[in-house]
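Novice: Take this structure, written in structure tokens, and hold onto it; I'll ask about it next.
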Amino acid sequence: MFVTLTVLAGLISIMFVASVASTISELRRERADMKDFSDFARRHSAF
0 MFVTLTVLAG
10 LISIMFVASV
20 ASTISELRRE
30 RADMKDFSDF
40 ARRHSAF
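Taking numbering that gives the first Met the number 0, the leading residue of the sequence shown gets 0, the next gets one more, and so forth.
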């Protein structure tokens, strides 16, 4: 019983950490895309 609970808690924590890490990488990628887009807009706003 205790082993099952420990394994379940470990799996839940691993899934939580993985979801947080994927969210952080997603936000970082979106911020990089926004930076690229603002550079693009600044470059083309002169025309």
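By construction, the Cβ of each residue, glycine as well, lies at the ideal position given by its N, Cα and C atoms.
May I have the straight-line CA-CA distance separating SER21 from ARG30, to the nearest angstrom?
Specialist: Within the sequence shown, the letter at position 22 stands for residue 21. Within the sequence shown, the letter at position 31 stands for residue 30. So the two alpha carbons sit approximately 14 Å from each other.
Novice: Please report whether the beta-carbon of HIS43 lies at a distance below 8 Å from any beta-carbon of chain B.
Specialist: In the structure shown, chain B cannot be found, because there is only a single protein chain.
Novice: Taking the alpha helix (DSSP H) that SER44 belongs to, which residues open and close that run?
Specialist: Along the sequence shown, read from residue 1 onward, the residue named residue 44 stands at position 45. Per DSSP, SER44 belongs to no alpha helix (DSSP H) and is neither H nor E.
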